[in-house]
Every structure is written in C-alpha cells, then in structure tokens.
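The structure under discussion appears below in the form of structure tokens.
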Amino acid sequence: MTRDIIEYDVLIIGAGPAGLAAAIRLRQLAAASGREISVCVLEKGARIGAHILSGAVIDPIALDELLPDWRTLGTPLKTEVREDKVVWLSARHALPAPHFSLPPQIDNRGLYVGSLGDLCCWLGDQAEALGVELYPGFAAAAPCYNEAGALIGVVSGDMGRNAAGEESPRFAPGIEIRGRYTLVAEGAGGSLTRELEARYGLRDGIGESHFGLGIKELWRIPAERHRAGSVTHFLGWPLGRAAGGGAFLYQYGEDRVALGLITHFGYRNPQLSPFDEFQRLKTHPRIAALLAGGECLGYGARSINAGGLQSQPRLSFPGGLLLGCAAGLLNVLRIKGAHTAMKSGMLAAEAVAAALQAGRAHDELADFPAAVAASWIGRAQRDTRNVKPLLSRFGTVLGSLVCGAEMWLLALGLRLPWTLRHPAPARGKMAAARDCPPRPPLKPDGVLTFDRNSALMRANIHHEHDQPPHLRRQNTLAQENARVIRFAAPEARYCPAGVYEREGDTVRITSQNCLHCKACELNDPAHSLLWHPPEGGSGPLYIGM
C-alpha cells in the first residue's frame, strides 16, 4: 500500500506530561539557538487529555524548570496541598498515622493537587503557542525502521477498516510519519514500547516489569463538607492481605474530590476484582460520610508502573528514546510520575537538540540514560529502589513500616548500601481458582456504589463498532480453554470495564467497552492477551480526570 509520508525533525508519541514537556523544551531550545526544529506530537485520544488519568498530586519542580512563570499563565493547578494524612483502615475504623512518624520524602504539603488531564490540555496550549504541531486522534499503529534497523518513525492507524480488516467505504490509510528522532511517551504498558523493547533488547538483563491498576472516580460534594488542599492516602482495608496497594482521596477546587484505589498486580487470588474492591472502599463510614449528597462525575482506570529502578529498561535505542512511564520512571514511594515524566522529556529534548545541531539523525542518543541518572530523577530512584521489593516481600503493612525506617535513615544521612531484587515474577503468583475463595459480593446501590456498566457511562467511551478487534489472544483454543478453567477467567474480574465475560470454557470480548488501561495484557497469568491501538480517537474521553 502506498502511504503519504510526512517528515519532521522530532516525532513524539503521546501527548502526556512527558511528550508535551519534550515538545515545549525543543521549541524553547530552537528559539534560543535561532535554529528551526520541527516537532510533531501524535496522541491517540480524541483530544489532548482524553486518555490522561491520574490522582493527581503534582510536584511542581519540573514545571518550575520548564515554565518558571507557569503560575501566572492560567494554569489549572490552583490548589496547594495544606493537609496531608496517611490513614490505616479497617472495615469500620480509621487510624491516622502521627505526622511526625512519616518520613519527610512523602510529605505532600506545598505541592499541588488537581487534574493531570487539565494540566496536559494547558501544556498542549503552551506547546502550540511555541509552534508544536499536535495531532490528537492519531494512533501510532506500527514502528518504521530504516535499512540499518534504526527507528525512523511510525505509521498511524488506518481508519475505516471493518471488523474483518477489509476496507469499508470510509477507509483512509494511515500516514507514515517520520522523525530524525522519535520520542516514545505513550505511558505504562504501551504497544509501541513493547515492540521496541523486544526488537532492541531493552529489557535484557533487567528485572521483570511490575505494574498496578489505578481506578479513579471524580466526585462533586457539598461545599460545606469540602476541604480544598486535603490529601489522604489509605492503607489496609479493603485490599488487606489480598493484594498490595492502597487508596487515595484528594480534595481540590471548590467542590471536587478525586477518589481512587491502586491494586498491585502479582496478587494470588484470581477471584479478586479491583473494581469491586474500589466500590467497597466507598462504603467505609469515613468515606461514605464525605461523599453523601455528592455526585459522581467521572470514572476511569489506567495501569501504572510499580517496579522502580530495578525494572527500568534501557532508555535509548537507534533513532529514539523512552520517556516517562514508558521508561518506568514513576517514583514508587511517592506514587508520583508527572514531574519525573516532564523532566525526562526536558532531558530528552536537550539530547535531541544537541544531536540535531551536530547534524546527526537516527543514531542512538547514548548520553540520555546517564543524564537521567545524574538528574534528580535518578537520585530519587536510587533512594527509593528498595520500596517495591520490600512491599512484595513483606506485604503492605510490614513492608510500609520497613520502607519508612529506611527512608528515615536516608533522611538522617545513612544510605543503606544494598539493592534488593524483586522476588518471584509477579504473574507467576496467581493460583488456581479452585484453591482460592471468592471475595464477598457487593451489591451496588447506584448512588454511592456502581456496577461496571453504570461506571462506564461516566468515562464517555466511544469505539467504532465495525473495526478490527484491538484485543487479541495469542494462544490456541485448547490453551485458552485450559487457562479459563484453571484461573476462572480472571480478566472478567480484573478488567475495570467489563470487556471480558466468561461463557463456559471461553471468554467473550466486548472491545467497545475498553478503557485502554492495558490491565489485560499486563496482568494475564498466561501472557495470552495483547492490546493493540484501535482507530485513533477511540476509547475514553476523560474530562477533568
């Protein structure tokens, strides 16, 4: 097939904080040097921010470096954190941890709380004002390589193929979009990242990737009960010992509450449903009282990195770089990745600009990983490198106490010399369904708690029904039947969108419900499910998430 070809100096995949920060910094450097650098950003969501989902408490350190006067430019980040708590939950009670006992590294006071999606919309405006070309609704369907094997760009997804893959009357072929360098900033578990890691051996000799699933609702509550700038993290119930993770409750703006639950993958019981546990969380007396009389405005889910330094792949390869969550740069201790993503984008921009100035193209920017390691990203990763291994070994309660002790020693100037490895592979921990009891059922009331279909209505999902399936199995029918029987089709429970439904010894897939969270690929115990990007513009349309 003949495709149109468009060429840029720099192609960026993903209009999240990493990709947009890279684009802005590139144009800043171009203006400072007097040399034109053409920059294109592809975003698979229907608009900038459509697929962005986070808590989010945001450390402004990267914003301060990128746009020092951001506070005066109409940014949506307006609520400063003034109250910061860690609370241990049981089913009926809540025990706040004394603030003096918490290590200073997790103190959120002075940071900002708000919508990361709104921030990305604002960053997109700043990028366009600098001359960046933004193209929402364009998915990077496949990488393009030159004869030397270097990445030279991507092919955007075809539009208008029917479910059988045939050209329909509305067919429009994808475009080959090339860059002298390509920056991959598609978030955790991206399909392009997966292919590049395999092609260039970016994970050779690296510890296994670790992920978790974040599920979030956005609420509006009565103003008299609202405490803007209040940030609370919960440990314990409802996950307890069933899985690692915890919950968050952030209050910002005039009446907004962001409530979420993070469930670490690698849990044993295939009967566990992170969605049901999230709904159960809202029945806690403390949380139910806060939400009473409120309205749920939004719902969504997204997989996150949780492995830290030991799971970080090699960040550079011929023709491109991995940025942000595609590079595994989430700070696991602080549960924050927006600031590290932005900083990685800025460092990538500086490496690319220097290479372009020297007349280079499509080679490996081998200095970039060292620049990341030498920055405050690398220092924080080294400081928190043992967090995930400790949580995996000892569980949330004891693991958090041991992590806290290590962080206090670090704050006192005592750095422990050892680096712990991750224990057994996360996916290998899931047991047979017959050996695990089902979790207690929860009947949603439609006011405080919801079923999946009701929740999905708040995600504004759109998929063209007559298009090729983007969720694919890579095992035989016999292998699929054996997997379904052994694990009782766990994807029917861990998928937060109800995409998978067990029917006897097989699973029916309703891909139109997909939230693009990637949990199916990242948590399947048999490695049998693969996520591919559907038509550009498909998926959720998050607003204020």
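Using our numbering, read the sequence shown as starting at 16 and increasing by one per residue.
Note that the Cβ used here is the ideal one computed from N, Cα and C, for glycine as well.
This structure is a prediction, so every number in the text was calculated from the model and none was measured.
Which partner residues of residue i appear in the DSSP bridge assignment?
i           : result
residue 318 : 228
residue 234 : 272 and 311
residue 99  : 246
residue 174 : 187
residue 158 : 169
residue 56  : 27 and 149
residue 196 : 25
residue 255 : BP columns for residue 255 are empty, so no partner.
If you run the structure through DSSP and keep just helix, strand and coil, what is residue i?
i           : result
residue 332 : strand
residue 514 : coil
residue 264 : strand
residue 565 : With the chain represented from 16 up to 560, any question about residue 565 goes unanswered, as that position is not in the structure.
residue 541 : coil
residue 496 : helix
residue 12  : The chain is shown from 16 up to 560; residue 12 falls before or after that span and cannot be answered.
residue 387 : helix
residue 153 : coil
residue 535 : helix
residue 411 : helix
residue 41  : helix
residue 399 : coil
residue 210 : helix
residue 284 : coil
residue 557 : coil
residue 367 : helix
residue 468 : helix
residue 349 : coil
residue 433 : coil
residue 375 : coil
residue 546 : strand
Which whole-angstrom value describes the C-beta separation of residue i and residue j, a residue pair presumed to lie in contact below a C-beta threshold of 8 angstroms?
i           : j           : result
residue 475 : residue 556 : 4 angstroms
residue 478 : residue 554 : 7 angstroms
residue 153 : residue 551 : 5 angstroms
residue 422 : residue 118 : 4 angstroms
residue 510 : residue 534 : 6 angstroms
residue 104 : residue 249 : 5 angstroms
residue 205 : residue 341 : 5 angstroms
residue 287 : residue 257 : 6 angstroms
residue 151 : residue 60  : 6 angstroms
residue 29  : residue 212 : Not quite, the Cβ-Cβ distance comes to about 16 angstroms (not below 8 angstroms), so this is no contact.
residue 149 : residue 71  : At roughly 21 angstroms, the Cβ-Cβ gap does not stay under 8 angstroms, so residue 149 and residue 71 are not in contact.
residue 234 : residue 276 : No, residue 234 and residue 276 are not in contact; Cβ-Cβ is about 14 angstroms, not under 8 angstroms.
Using C-beta distances below 7 angstroms, list every residue in its chain close to residue i, excluding the 5 sequence neighbours before and after it, in chain order.
i           : result
residue 323 : 347, 396, 399, 400, 402 and 403
residue 334 : 165, 166, 167, 196, 197 and 377
residue 240 : 305
residue 466 : 459
residue 387 : 330, 359, 362 and 393
residue 417 : 405 and 409
residue 81  : 36, 39, 40, 357 and 361
residue 371 : 24, 52 and 195
residue 135 : 30, 31, 32, 35, 63, 64 and 67
Taking all protein chains shown into account, do 16 or more other C-beta atoms lie within 10 angstroms of the C-beta of residue i, making it buried, or fewer, making it exposed?
i           : result
residue 469 : exposed
residue 433 : exposed
residue 317 : buried
residue 531 : buried
residue 172 : buried
residue 111 : exposed
residue 20  : exposed
residue 452 : exposed
residue 436 : exposed
residue 93  : exposed
residue 16  : exposed
residue 36  : buried
residue 113 : exposed
residue 101 : buried
residue 108 : exposed
residue 295 : buried
residue 278 : buried
Ignore the nearest five residues each way along the sequence and tell me which others in residue i's own chain have a CB closer than 8 angstroms to its CB.
i           : result
residue 18  : 170, 188, 189, 190 and 191
residue 183 : 175, 176, 177 and 481
residue 89  : 137
residue 186 : 173, 174, 175 and 176
residue 282 : 257, 258, 259, 444 and 445
Is there a C-beta anywhere in chain C that falls below 8 angstroms from the one on residue i?
i           : result
residue 424 : Although the question refers to chain C, the structure presented lacks it and comprises just one protein chain.
Which residues in the same chain have their Cβ closer than 6 angstroms to the Cβ of residue i, if we skip the five residues on either side of it in sequence?
i           : result
residue 38  : 27, 54, 56, 142 and 147
residue 245 : 98 and 266
residue 419 : 118
residue 429 : none
residue 414 : 405 and 406
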